[in-house]
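Q: My numbering numbers the first residue of the sequence shown as 288 and each following residue consecutively.
In this text, a Cβ means the ideal position worked out from N, Cα and C, and glycines have one as well.
Below is one structure. I have some questions about it.
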Amino acid sequence: MARNSKKKSLESQYRVLFYLGEGTFGTVKLALHLKTEALVAVKMVEISKKTLKVILVEREILATLNHPNIIRLFQVIVTPGCVNFILEYASGGNLFDLIQEHGPLQEEEAKHIFGQLVASVKYCHNLNIVHRDIKPQNVLLDEERNVKLTDFGLAIKCSPGRLLSRNCGTKRFWAPEILLGEPYDSRKTDVWSLGVLLFFITTGDYPFAGSTLIEFEQKLTTGSCRIPPYISVKLENLIHQILTVPPEKRPSIEDIEKHPWVMKCDI
């Protein structure tokens, strides 16, 4: 499939089948490539003042990425008022729905999935790309339950040491420094989001749950996290390391990759 196409319409190349879900800035639908009969996901983003810069950045970033655990961009089709990203289709759904339907993962399967996710984030960080919206809904699985990190709608290129100030992403996965309105290192906030995700897929819950917004924010900013007793010692240690409130003491993605719990996974 070609990378870009402005001359041919979406309908001349694909048959749109049905709705799959929502991305950060667009609707995602399943489609059939008429020539090859391959299934693809089409992310449809309406062009507006709000989305134009996002479209350009996401297109540039997706065109840069080539990793087995990151969703592939096949083609971009521009139609009147809309940009269509033709993406790899991951038939296994997303991590959030998997946990909601079947409950938390056993540690061995969690290691496999988390190890692949760490590899994909490390790859991005090495290219000076930060995701900024890591959460179970943005982690897709193929038919063999291999990870496909997706939705780079909030991703940006960011050189090491540069601090950001814009609040973005999903609040449950925010690092404390984002909630507090402090300038933040987006690599460290990606790491924090990974920690919240790891807690979620192994417990089925969030680490900083609260009955009120104030209680949630208080627990988040103090790092008050209770880990269930059935979690292994090594996994508990990893979660505590990642969910360290001071960002300068939080591990890097390379540190996580070297942690004993992650190193024993088969990715």
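Have a look at residue 345 and residue 334 and give me their C-alpha separation to the nearest angstrom.
A: 13 Å
Q: Following the continuous alpha helix (DSSP H) through residue 509, name the residue where it begins and the one where it ends.
A: 500-509
Q: Per DSSP, what kind of secondary structure is residue 399 in: helix, strand or coil?
A: Of the three classes helix, strand and coil, the one that applies to residue 399 here is helix, per DSSP.
Q: I'd like to check one pair, residue 319 with residue 306: are the Cβ atoms closer than 8 Å?
A: no
Q: Report buried or exposed for residue 520, applying the criterion of at least 16 other Cβ atoms within 10 angstroms of its Cβ.
A: exposed
Q: Can you tell me whether DSSP reads residue 491 as helix, strand or coil?
A: coil
Q: On a CA-only basis, which of 463, 380, 414 is nearest residue 315? Give me that one, please.
A: 380
Q: Consult DSSP for residue 476 and reduce its assignment to one of helix, strand or coil.
A: Three-state DSSP puts residue 476 in a helix.
Q: Quick one: grab the DSSP three-state call for residue 426.
A: strand
Q: Is residue 383 closer than 8 Å to residue 423 when the C-beta atoms are compared?
A: yes
Q: Given that a residue counts as buried once 16 or more other Cβ atoms are within 10 Å of its Cβ, and exposed if not, what is residue 324?
A: exposed
Q: Hey, out of 434, 437, 476, 430, whose CA is closest to residue 445's CA?
A: 476
Q: Answer with buried or exposed for residue 517, where buried requires no fewer than 16 other C-beta atoms within 10 angstroms of its C-beta.
A: exposed
Q: Between 430, 374, 338, 351, which has its C-alpha nearest residue 437's C-alpha?
A: 374
Q: Give the list of continuous alpha helix (DSSP H) stretches no shorter than 4 residues that lie fully inside the region 316-397.
A: 336-351, 382-389
Q: Would you call the CB atoms of residue 348 and residue 406 closer than 8 Å?
A: no
Q: Distance check for residue 420 and residue 366, CA to CA, integer angstroms please.
A: 27 Å
Q: Starting from the Cα of residue 404, find the closest Cα among 388, 358, 336 and give me that residue.
A: 358
Q: Is residue 416 near the ligand MG, judged by its Cβ being under 7 Å from some heavy atom?
A: The ligand MG is absent from the structure shown, which contains no ligand whatsoever.
Q: Let me make sure I understand the geometry here. Which of 312, 418, 397 has the alpha-carbon closest to that of residue 480?
A: 418
Q: Below 8 Å between beta carbons: does that hold for residue 317 and residue 304?
A: yes
Q: Does residue 486 come out as helix, strand or coil in the three-state DSSP assignment?
A: Residue 486 carries a helical assignment under DSSP once its states are collapsed to helix, strand and coil.
Q: Check whether the region 544-551 touches the region 490-499, taking contact to mean three or more Cβ pairs, one atom from each stretch, closer than 8 Å.
A: Flag = no, the region 544-551 and the region 490-499 do not touch.
Q: In terms of residue numbering, what span does the alpha helix (DSSP H) encompassing residue 520 cover?
A: 520-529
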